[in-house]
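A.B. asks:
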Amino acid sequence: MDNRREAIRGVAGCAVAAAGGAAGMLAWAPYGRRGIFGFEGESEWNVLWLGLPVMTLGGIVAGLTLSALVQGKWRPALGAAVLLTALAGFGVAFDVLDGPPTHCGPKC
């Protein structure tokens with residue numbers, strides 16, 4: 007009986023991680039569209055090469071953090087929260103969701 011319960015928790019954890027990854031991709035989609043098909047033909051490819059992995063991994067880690075918290079596993083939840091903070095810091099430091107300029111500067 008214990009093995010079955012552990013297997014169900016494992017499958018639920020994988021489902022939560024997959025849902026988190028999908029949510030991260032869906033959250034990235036508006037930024038990706040704006041960054042790849044930018045203003046006046048200017049594209050910001052960092053939105054694809056850095057933004058998509060950061061948002062997808064962030065969604066997965068957020069799902070795993072939530073799953074660990076629900077199960078009452080505080081140490082894995084704390085580790086996942088630290089990883090989530092590091093991903094957010096990376097995203098802010100490298101401005102991975104910054105699209106192309108939306109206004110016409112001195113080039114006009």
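With the working numbering applied, the sequence shown covers 7 to 114. Ideal Cβ placement from N, Cα and C applies to all residues, glycine included.
Suppose you measure from the CA of R39 to the CA of A23; what does that come to, to the nearest Å?
C.D. replies: Indexing the sequence shown from 1 puts residue 39 at position 33. Indexing the sequence shown from 1 puts residue 23 at position 17. Each residue's alpha carbon lies about 24 angstroms from the other.
A.B. asks: Considering just the uninterrupted stretch of the alpha helix (DSSP H) at L75, what are its terminal residues?
C.D. replies: Indexing the sequence shown from 1 puts residue 75 at position 69. It spans 58-77 - the alpha helix (DSSP H) in which L75 sits, taken as one unbroken run.
A.B. asks: Which residues bound the alpha helix (DSSP H) around L54?
C.D. replies: For the purposes of this step, residue 54 is taken as residue 48 along the sequence shown, with counting starting at 1. Careful: L54 lies outside any alpha helix (DSSP H) and carries neither H nor E.
A.B. asks: Between which two residues does the alpha helix (DSSP H) holding V22 run?
C.D. replies: Looking up residue 22 in the sequence shown gives position 16. Unbroken alpha helix (DSSP H) run through V22: 8-42.
A.B. asks: Kindly indicate which residue of L56, L84, W55, G78 has the alpha-carbon position closest to the one of A68.
C.D. replies: Position 62 of the sequence shown, counting from 1, holds the residue named residue 68. It is L84.
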